[in-house]
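Residue numbers (our numbering), protein chains in the order written: chain A, 1 to 351; chain B, 1 to 351. Glycine residues also receive a C-beta, built at the ideal position from the N, C-alpha and C atoms. From a predicted model like this one, the values you see are computed outputs, not experimental measurements. Working notes, beginning with the structure itself.
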DNA sequence: ATGAAAGCGCTAACAG
DNA sequence: CTGTTAGCGCTTTCAT
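This is the structure we're talking about:
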């Protein structure tokens with residue numbers, strides 16, 4: 001079973017032909033045993049082939065296979081920034097979903113840069129990936145690249161419908177509403193907004209939701225500051241919000257990362273959270289669970305979204321009519337909103 | 001120049017042969033213009049070809065190219081967990097370095113699982129990647145997989161020398177020492193350790209460094225707790241450390257992620273940081289900058305390491321004798337250690 | 001300056 | 001159950 005793979009010194013890499021010769025069979029048979037089909041092979045022959053494979057250290061050449069089959073069994077993912085916890089978690093989930101179907105994942109970052117995003121998509125297309133998942137920098141991604149690339153694609157993180165394209169997202173406005181309503185439930189009447197900015201200037205659903213919730217409750221709009229969906233962006237927003245003439249008693253931040261940066265600014269200002277300023281954020285990434293205080297956040301079902309995206313490309317739902325899928329969010333209540341905290345069940349004592 | 005790519009309705013995808021026919025040249029010429037060589041092409045002919053390419057919407061098939069050339073212009077990266085900020089930053093840096101050289105990056109997570117790590121490496125090998133970067137779960141990675149895979153590899157995050165392999169890492173013990181010495185400089189005499197655990201049970205350089213610094217100063221070893229290099233791991237460690245009979249006044253945590261989790265536990269215990277418990281951590285990832293309080297941390301030069309790793313595989317230093325490269329760390333001083341904080345230059349006022 | 005053609009390693013239809 | 005073989009799209013040598 002564990003016969004060491006005796007590397008037979010040869011010229012180049014071992015090909016299927018070498019294996020065939022060594023095993024005394026045809027190359028077709030080798031193919032059959034390697035792929036488990038499409039023809040059956042006699043057990044004895046199969047054993048011989050397996051042996052040859054092991055002895056020679058044969059590894060099938062994926063490029064040749066891809067050429068023949070017209071599929072590289074590879075998916076491409078384009079995200080703005082893998083250093084951002086939300087996207088890195090997303091990428092991880094996509095990798096899992098892809099791997100479960102035997103697909104590898106090529107990752108590329110667009111770094112918030114439209115030109116780079118286009119370049120990455122084109123590059124992936126040239127590499128014959130079987131599909132690309134695009135979390136665009138743009139509110140309205142450049143569909144033309146995708147079209148001319150002529151590759152199945154799914155648009156991620158996308159609220160808007162893009163006819164002819166698979167689209168996966170979350171109801172941003174609805175999510176924002178439950179967040180803001182929760183804050184209102186805590187009695188806040190001056191609720192600010194730390195709004196992330198994209199390249200495109202379009203109105204983000206989270207801003208819409210914040211406004212809707214306020215209106216529905218007959219409350220005025222608190223201060224708003226626009227800055228990046230990043231730690232420094234949130235930090236900046238926090239500093240501004242804290243210093244605003246009409247300082248809010250609660251803030252809705254449009255990403256966890258932003259919220260964490262904002263938390264730091266509020267702490268630095270010497271204000272207590274949630275006492276003097278409560279905060280609720282968006283994404284539900286793990287960093288929200290370990291900030292101080294832990295963030296109440298609107299959770300996006302990342303794993304489910306990743307699975308659906310991959311499935312639309314190469315899984316069960318492949319080939320179906322392009323769909324616009326909206327996933328539900330849920331509010332993850334922790335302490336930054338002002339909800340009471342029940343200490344966890346017993347801190348272990350001793351070292 | 002911007003003639004729209006009129007998609008000519010055809011059967012399958014456009015191949016080089018179609019372009020040749022359309023342009024009235026041979027397929028060789030198409031190759032020459034696409035690759036800019038190895039032969040020169042008359043300007044007039046080149047124009048015709050470019051035209052044909054645009055009109056037909058031709059995209060070269062990377063699989064065929066890879067088969068012919070024996071190189072996929074792809075690198076593989078295997079890390080334990082892309083959801084962990086340190087690794088996701090690393091992955092981003094690797095992607096940048098690879099892209100700069102025209103290589104794509106296939107990402108895979110081993111999820112702290114040895115079997116999965118092996119599977120991923122094998123899978124990458126089968127895909128004819130031109131090199132793999134492996135941040136192993138193991139203290140001593142399974143070199144045999146790499147060897148039998150017969151692919152240039154570099155071991156990341158690796159302190160130990162592995163003869164015959166390119167290895168890139170940081171002097172963990174030295175880094176830990178500067179961290180602990182800094183804490184000692186603040187007057188602490190009871191310094192605990194929140195030590196991350198790997199799959200292998202070997203001694204980690206960070207633990208060694210912590211011990212060395214203590215010994216050199218003639219200080220006793222504070223309490224130690226072992227747990228994952230993760231947020232929950234750090235949280236658990238924090239709870240234990242805080243509750244230990246001999247509660248430390250300072251803690252060295254072996255990763256930023258761990259430290260962030262630990263911070264939460266300390267806050268929950270109602271202890272002030274750095275007043276009652278000071279903390280210094282390791283990695284220098286961006287999350288350390290936005291925790292509360294911001295973490296003093298030992299920074300690893302991630303970008304430089306990523307570049308060196310990629311260069312060893314497919315860049316300038318390719319083909320050179322395998323090297324064991326150790327990068328320097330530096331202490332990034334913030335507030336969690338007890339150093340005074342100077343407010344940043346003026347908080348912007350108004351919304 | 002251009003073209004013809006071999007062949008990279010693999011799959012699967014077809015023939016035995 | 002096994003073998004022969006065409007051909008996937010591309011690069012490049014060798015001829016013209």
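Any Cβ of chain B closer than 8 angstroms to the Cβ of residue 235(A) would place that residue at the interface, and such an atom is present.
Residue 325(A) sits in a strand when the DSSP states are folded into three classes. For residue 179(B) and residue 331(B), the gap between their C-alpha atoms comes out near 7 angstroms.
In this structure, 90(A) is the residue among 207(A), 90(A) and 18(A) with its C-alpha nearest to the C-alpha of residue 109(B). Where residue 204(A) is concerned, there is no enclosing alpha helix (DSSP H), because DSSP gives it neither an H nor an E. Ranked by Cα distance from residue 174(A), the options 282(A), 189(A), 188(A) and 135(A) are led by 282(A). In this structure residue 157(B) is buried. Its beta-carbon is surrounded by 16 or more other beta-carbon atoms within 10 angstroms. Closest option to residue 219(A), judged by alpha-carbon separation, among 225(A), 211(A) and 226(A): 211(A).
In the three-state scheme derived from DSSP, where H, G and I count as helix and E and B as strand, residue 74(A) is classed as strand. Between residue 254(B) and residue 195(B), the beta carbon gap of about 5 angstroms places them in contact (Cβ cut-off 8 angstroms). By the criterion of at least three beta-carbon pairs nearer than 8 angstroms, the segment 258-269 of chain B is in contact with the segment 233-244 of chain B. Contacts with chain B (Cβ-Cβ distance below 7 angstroms) from the segment 48-75 of chain A involve 57, 59, 60, 61, 62, 63, 64, 66, 67 and 72, listed in chain order.
Annotated three-state conformation of residue 165(B) is coil, per DSSP. In the displayed model, residue 283(A) falls within a strand according to three-state DSSP.
Residue-level contact by beta carbon fails for residue 210(B) and chain A, as no gap is shorter than 8 angstroms. Interface residue (Cβ-Cβ distance to chain A less than 8 angstroms): residue 108(B) is classified as such. Chain-order list of chain A residues neighbouring residue 300(B): empty, with the shortest C-beta distance near 14 angstroms, by a criterion of under 7 angstroms.
Considering only 140(B), 22(B) and 251(B), the residue with the shortest C-alpha distance to residue 161(B) is 140(B). Listed along chain A are 106, 107 and 108, each with a C-beta nearer than 9 angstroms to that of residue 105(B). When 323(B), 145(B), 72(B) and 106(B) are compared, the shortest CA-CA separation from residue 115(B) is found for 145(B). DSSP, reduced to helix, strand and coil, places residue 184(B) within a helical segment of the structure shown.
Within a 10 Å sphere around the beta-carbon of residue 245(A) sit fewer than 16 other beta-carbons, which makes this residue exposed. Contact note: residue 263(B) reaches chain A through 292, using a C-beta cutoff of 7 angstroms and chain order.
When rounded, the separation of the alpha-carbon atoms in residue 135(B) and residue 58(B) is 38 angstroms. Residue 338(A) and residue 278(A) have their alpha carbons spaced roughly 6 angstroms apart. Taking a 10 Å sphere around the C-beta of residue 341(B), we find fewer than 16 other C-beta atoms and assign the residue as exposed. Per DSSP, residue 253(A) lies in no alpha helix (DSSP H) segment; the continuous beta strand (DSSP E) that holds it begins and ends at 250-253.
Runs of the alpha helix (DSSP H) lying entirely within the segment 88-145 of chain A and spanning at least 4 residues, in chain order: 114-126. Burial state of residue 287(A) is buried, judged by a 10 Å Cβ sphere holding 16 or more other Cβ atoms.
Counting the other Cβ atoms within 10 Å of the Cβ of residue 60(B) gives 16 or more, which makes it buried. A Cβ-Cβ contact shorter than 8 angstroms links residue 329(A) with residue 171(A). Unbroken beta strand (DSSP E) stretches of 3 residues or longer found wholly inside the segment 256-301 of chain A: 278-283 and 296-299, given in chain order. With contacts defined as CB atoms closer than 8 angstroms, residue 315(B) and residue 67(B) fail to qualify as a contacting pair.
Residue environment for residue 38(A): exposed (fewer than 16 other C-beta atoms within 10 angstroms of its C-beta).
For residue 234(A), no beta strand (DSSP E) encloses it; the enclosing alpha helix (DSSP H) starts and ends at 231-243. Residue 18(A) has its alpha-carbon roughly 12 angstroms from the corresponding atom of residue 54(A).
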